[in-house]
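Heads up: the structure comes next, in structure tokens.
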Amino acid sequence: MTSLLEGAKKLVTRSSDIGARVEGLERAAEAARGRVDDAVVDEAATVAARAAGRLKLSADHTVVALAGATGSGKSSTFNALSGLELAAVGVRRPTTSWATAVVWGKHGAEELLAWLGIPARHQVTRDSMLSKADEDAEMRGVVLLDLPDHDSTEVSHHLEVERLVQLADMLVWVLDPQKYADAAIHDRFLKPLAGHRDVMLVVLNHIDTVPEDRRAGMVDDVRRLLEADGLAGVPVVPVSARYGWGIDELRGLVAQRVAEKKVTRSRLEADVRSAAERLEQAVGTGKAPTLSKERVAALDDAFADAAGVPTVVKAVADSTRLRANRATGWPVTAWFSRLKPDPLKRLHLDLGTAGKELTGTARTSVPKATGVQRARVDTEVRALADQVGEGMAPAWAGAVRAASVSRLPDINDRLDRAVAATDLGAARIPAWAGLVRVLQYVLIISALVGAGWLALLALGSYARLPEPPTPEVGAFPLPTLLLLGGIGLGLLLALVCRWLVAATARKRARTADKRLRDAISEVSGELVVAPIEAELASYAAVREGLTAALR
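Residue numbers are given in the numbering used here: position 187 of the sequence shown equals residue 183, and the series is strictly consecutive.
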């Protein structure tokens, strides 16, 4: 990042933000990868990489490329601008795929020429030749390229032209009076570069072959065609390379733009903006949406239903009542309750350590989700994805939907593990139930003592043994009071405790429900919400990068 910003400052001015724009496009392309059309993302990434490479190179040189069709006089114009007979003209032009470069002030341009891919044998340093000092001063910092003919029959020529057109800081299109309206150059090059009007010049060469009274009209017609291409305002310079007409004006325009030190920045900005706009069309312009709490809550409910939370909560309540009644009930009747199966044990949710080792910690006997329950999950997932994707471009909305269902195949296993791993809080009986149990045994022992005492008295009476004195409490004999009191108070205590047991069961059911739903919420978050949020984060990163690139 630092190298880009430093390169941008060297290239233009301290206030330029071109480095930040390039980095913004780079971030946007990286975040959009795999979510929108690869061709659009590849273009954005390529433009960002190319711009970043240019920022690191010479800020003292401007690459000016001359492009044109066969017979347009591009090479003669190149020779006229350079003041040297470097490019072969007409039938003498070599059939090579390499461009020729003339450099005014080669110091510091070596890396730039290497980046352009111009072989050393096709490079000429203009200031090493015998030339006028004022011409060299005017063009100092210019790297003038003579490109192959863009309509050549050689495929390598086409590729070389397209490559260097993308790399040049400034483009000079040389047109022929007989072929200036050719659709090949307008549709293939000029229209796609409509956003690059600030770094473009158009030369109408061979103006000497046009009758004088038609020259102005022809120049106006070229301007009309350029306006139709989206290039209104691009200067059109009529020249005759053969006689040198207009060459000084053309050289002056090139030198003026180079001297302003804005051409390279304008070219990079145009490239970045063009690529960013195409990426934005694929991504969309809406703000990054947020997940609706209501929709997430509905999704959690659907997951909880599919996980059998209501069934488990009911089992917690029933199990709590069963265990607490067994602990607080009258011992005689409580013993028979042991014959009833524990609801939690039937669901393999309270088996103890040995049971878990036997069945596995992530396996329960909770009924699997029914078709209706699974359909509800699918509906809520789709509703959440649709709500998030509303307003997004179709490609990104599709990416959100794909992310929302990407992990649903794991739902059954993850829900089962979540339920099995949740502490339901039903393993221990309440503390008060332990005290009641002690009291119940005290009462049953009292009843047994009273019954035994009465039995001994009856046996003594039957055997006509002397009757021992029997203590009385009020009007009741103590043995009778112990028997009847132990049984009666035990039954009464059991009835009173039923109300406490019911309240405890409801409380534990609420606790278990909350714990289970929290665990299930983590599952829905992991399987659905997190993938969607990842897409939203990527979308936000793309929008942030595009905002920086288009600033």
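All residues carry an ideal CB built from backbone N, CA and C; glycine is no exception.
Select from V309, L163, D225 the residue whose C-alpha is nearest the C-alpha of A179.
By one-based count along the sequence shown, residue 179 stands at place 183. Out of V309, L163, D225, D225 has the C-alpha closest to the C-alpha of A179.
Roughly how many angstroms separate the alpha carbons of R539 and G15, rounded to a whole number?
Against the sequence shown, residue 539 aligns to sequence position 543. Against the sequence shown, residue 15 aligns to sequence position 19. Spanning the alpha carbons of R539 and G15 requires a straight line of approximately 17 angstroms.
Simplified DSSP state of S236, which is helix, strand or coil
Here residue 236 refers to the residue found at position 240 of the sequence shown. Here S236 sits in strand by DSSP.
Every unbroken alpha helix (DSSP H) inside the stretch 218 to 268 [4 residues or more]:
Within the stretch 218 to 268, the complete alpha helix (DSSP H) segments of 4 residues or longer fall at 243 to 255, listed in chain order.
Where A526 and G541 are concerned, what is the direct C-alpha to C-alpha distance, given to the nearest angstrom?
As a first step, residue 526 is located in the sequence shown; it is residue number 530 there, counting from the start. As a first step, residue 541 is located in the sequence shown; it is residue number 545 there, counting from the start. Computed Cα separation, rounded: 22 angstroms.
Taking 8 angstroms as the threshold (C-beta atoms), are L143 and L62 in contact?
Counted from its first residue, the sequence shown places residue 62 at position 66. Counted from its first residue, the sequence shown places residue 143 at position 147. In contact: L62 and L143 (Cβ atoms closer than 8 angstroms).
Where D56 falls: helix, strand or coil (DSSP)
Here residue 56 is taken as the residue at index 60 of the sequence shown, counted from 1. In the structure shown, D56 sits in coil (DSSP, three-state: anything other than H, G, I, E or B).
Can you grab the Cα-Cα spacing for the pair P465 / R433, in whole Å?
Locating residue 465 in the sequence shown gives position 469, counting from the first residue. Locating residue 433 in the sequence shown gives position 437, counting from the first residue. Taking C-alpha positions only, P465 is separated from R433 by approximately 33 angstroms.
Return helix, strand or coil for W169, following the three-state DSSP convention.
Numbered from 1 along the sequence shown, position 173 holds the residue referred to as residue 169. Judged by DSSP in its simplified three-state form, W169 adopts strand.
How big is the Cα-Cα spacing for A530 and E39?
Position 534 of the sequence shown holds residue 530. Position 43 of the sequence shown holds residue 39. Their backbone Cα atoms lie some 24 angstroms apart in a straight line.
Quick one: what does DSSP say E531 is sitting in, helix, strand or coil?
Counting from one through the sequence shown, the residue named residue 531 turns up at place 535. Looking at E531 - three-state DSSP - the assignment turns out to be helix.
Only counting the same chain, and skipping five residues up and downstream in sequence, which positions put a Cβ closer than 8 angstroms to that of I528?
Position 532 of the sequence shown, counted from the start, is the residue given in the question as residue 528. Excluding its 5 nearest sequence neighbours in each direction, I528 has C-beta neighbours in its own chain below 8 angstroms: L287, L380, A381, V384, V396, A399, S400, listed in chain order.
For the beta strand (DSSP E) that T121 lies in, which residues bound it at each end?
Against the sequence shown, residue 121 aligns to sequence position 125. Looking at the DSSP string, the run of the beta strand (DSSP E) that includes T121 is 119 to 121.
Can you find at least 3 beta carbon pairs, one from the stretch 211 to 230 and one from the stretch 97 to 105, that sit closer than 8 angstroms?
As far as the Cβ criterion goes, the stretch 211 to 230 does not touch the stretch 97 to 105, which means the pair count is below three.
On the DSSP bridge list, what partners appear for G64?
In the sequence shown, the residue the question calls residue 64 occupies position 68. Answer is V170, bridged to G64.
I407 classed as buried or exposed, judged by whether at least 16 other C-beta atoms fall within 10 angstroms
The sequence position of residue 407 within the sequence shown is 411, counting from 1. I407 comes out buried.
Unbroken beta strand (DSSP E) run spanning G35, endpoints:
Here residue 35 corresponds to residue number 39 of the sequence shown, with the count starting at 1. One point to set straight first is that residue 35 is Ala, not Gly, in the sequence displayed. Looking at the DSSP string, A35 is not in any beta strand (DSSP E); the run it does join, the alpha helix (DSSP H), is 34 to 51.
Nearest residue (CA-CA) to E19, options L112, A190, F185, L264
Here residue 19 is taken as the residue at index 23 of the sequence shown, counted from 1. Cα-wise, what sits closest to E19 is L264.
Note down, in chain order, each residue of its chain lying with its Cβ closer than 6 angstroms to the Cβ of A133, except the 5 sequence neighbours on either side.
One-based indexing of the sequence shown puts residue 133 at position 137. Excluding sequence neighbours, A133 sits near nothing in its chain.
Quick one: Cα of V415 to Cα of E290, how far?
The count along the sequence shown starts at 1 and reaches residue 415 at position 419. The count along the sequence shown starts at 1 and reaches residue 290 at position 294. If I take the Cα positions, the gap works out to 23 angstroms.
So is V87 buried or exposed if we call it buried at 16+ other beta carbons inside 10 Å?
As a working note, residue 87 is residue 91 in the sequence shown. Summary for V87: the model assigns pLDDT 42, below 50, so the residue's position carries little reliability, and this model does not support an answer.
Closest by C-alpha distance to L51, when choosing among A25, E386, V268, G521
Looking up residue 51 in the sequence shown gives position 55. Taking the Cα of L51 as reference, the smallest distance to any Cα among A25, E386, V268, G521 is reached at V268.
With 16 other CB atoms within 10 Å as the buried threshold, where does P234 fall?
In the sequence shown, counting from the first residue as 1, residue 234 sits at position 238. Burial call: buried.
Which residues does DSSP list as the beta-bridge partners of A97?
Counting from 1 along the sequence shown, the entry for residue 97 is found at position 101. For A97, the beta-bridge partners assigned by DSSP are Q119, L141.
Alpha carbon of V555 to alpha carbon of A508, nearest angstrom
Look at the range of the chain in this structure, -3 to 547, and you will see that residue 555 is not part of it.
What residues in its chain sit with their C-beta under 8 angstroms from that of W428, if we drop five residues either side in the sequence?
For the purposes of this step, residue 428 is taken as residue 432 along the sequence shown, with counting starting at 1. Counting only Cβ-Cβ distances below 8 angstroms, and skipping sequence neighbours, we find L496.
Assuming K70 contacts V170 under a Cβ cut-off of 8 angstroms, what Cβ separation, rounded to an integer in Å, is found between them?
The count along the sequence shown starts at 1 and reaches residue 70 at position 74. The count along the sequence shown starts at 1 and reaches residue 170 at position 174. Rounded to whole angstroms, the Cβ separation of K70 and V170 is 4 angstroms, and the two are in contact under 8 angstroms.
Quick check on this structure: which residue in H154, N201, L167 has the alpha carbon closest to the alpha carbon of K175?
Counted from its first residue, the sequence shown places residue 175 at position 179. Residue N201 is the option with its Cα nearest to K175.
Spatially closest choice to L227 from P390, A266, A300, by CA coordinates:
Taking the first residue of the sequence shown as 1, we reach residue 227 at position 231. Here the closest residue by C-alpha is A266.
How far does the beta strand (DSSP E) with V198 in it reach, from first residue to last?
Here residue 198 corresponds to residue number 202 of the sequence shown, with the count starting at 1. That run of the beta strand (DSSP E) goes 196 to 200.
Please state whether DSSP places P568 in a helix, a strand or coil.
Outside the modelled stretch of the chain, which goes from -3 to 547, sits residue 568, for which no answer is possible.
Nearest-angstrom Cα distance between L474 and L318?
Residue mapping note: residue 474 aligns to position 478 of the sequence shown, counting from 1. Residue mapping note: residue 318 aligns to position 322 of the sequence shown, counting from 1. Going from the Cα of L474 to the Cα of L318 covers about 35 angstroms.
Reducing DSSP to helix, strand and coil, say where E518 ends up.
Taking the first residue of the sequence shown as 1, we reach residue 518 at position 522. Residue state for E518 is assigned as helix, using DSSP reduced to three classes.
In the DSSP assignment, what residue or residues form a beta bridge with E468?
The sequence position of residue 468 within the sequence shown is 472, counting from 1. Note: E468 is bridge-paired with P473 in the DSSP secondary-structure output.
Do A272 and A545 have their CB atoms nearer than 8 angstroms?
Position 276 of the sequence shown, counted from the start, is the residue given in the question as residue 272. Position 549 of the sequence shown, counted from the start, is the residue given in the question as residue 545. In this structure, A545 lies closer than 8 angstroms to A272 by Cβ.
Go through its chain and collect everything with a Cβ distance to S402's Cβ below 8 angstroms, but skip five positions before and after it.
Position 406 of the sequence shown, counted from the start, is the residue given in the question as residue 402. Only P527 meet the Cβ criterion.
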